[in-house]
Every structure is written in C-alpha cells, then in structure tokens.
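Quick notes on the structure that follows.
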Amino acid sequence: MAKFLAAIVRGFKNFFNFSGRASAREYWYFILAMFIADFINGLVVSNSSSTHISWWIFFIPAISAGVRRMHDCGRNGLWILFPILNIFLLCGKADSGINKYGPPSPPLG
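Quick note on numbering: the numbering used here labels position 5 of the sequence shown as 25, and the sequence is numbered without any gaps.
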C-alpha cells in the first residue's frame, strides 16, 4: 500500500515534469489510482457534468508519467501520442542503467 501511495504522490509532485524516467510500477500504480478515483467519483456524483472531474485532475500528470515511462524504456516521449501502440511500449522492459533520459527512477516507498 505504501508503494501505491508513493506512486500517487510522485505522480502529482512531477505534475509538469516531462523529463526523467518513471518505472513501470510507478506508472501503472498512478494509472490505477486515476481509474479508481474516476470510478468512485462516478458512484458519488450523479451530476453528469462533473462525473469525470477526477479524470481531468489526473490528465496532465498521467501524460507526464507516460512520457517519463517512455523515457524509462529508452524511447522519445512523443510515442505517447500513439495510443494503441502505447499498450505494448508502456509494458516494455526498462533500460536497466542510465540512458539518454537519465538514471532509473528511485524505488517507491
């Protein structure tokens, strides 16, 4: 649970940080948190205009986390613009050492 919360905190701390790297665990925990928040918000809020407010809160941090995840796999962050291809790229193996985007992200928690 601590790593899950650490991933959320790190995702929001790096709100506009499109450089550096994000581990697979950090990225997928953050995306999972986004979906959980959206689900809970959908259950609680019945007004259709504000049901996806949590989605908008996570939007920019999720994009920046995706760019950093691409960097972790040794790819340019612009690959995030190809949604179908991203499924395979985001699940890809990270570069184990330092790559042109910097050192691996520190462990969560």
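Each residue gets a CB set at the ideal place from its N, CA and C atoms; glycine is no exception.
None of the values given here were measured: they were computed from a predicted structure.
Residues bridged to residue i [DSSP beta-bridge criterion]
| i | result |
| --- | --- |
| residue 122 | 119 |
8 Å contact criterion, which residue i and residue j should meet: CB distance rounded
| i | j | result |
| --- | --- | --- |
| residue 89 | residue 49 | Contact flag wrong, Cβ pair sits at about 11 Å. |
Which listed residue (the options) has its alpha carbon closest to that of residue i
| i | options | result |
| --- | --- | --- |
| residue 58 | 42, 45, 77, 41 | 77 |
| residue 51 | 29, 62, 64 | 29 |
| residue 123 | 43, 107, 86 | 43 |
| residue 125 | 74, 25, 66, 91 | 91 |
| residue 75 | 53, 110, 128 | 53 |
| residue 36 | 67, 66, 86 | 86 |
| residue 116 | 83, 81, 93, 103 | 93 |
Residue i in three-state terms, based on DSSP
| i | result |
| --- | --- |
| residue 42 | coil |
| residue 95 | coil |
| residue 65 | coil |
| residue 25 | helix |
| residue 113 | coil |
| residue 34 | coil |
| residue 128 | coil |
| residue 102 | coil |
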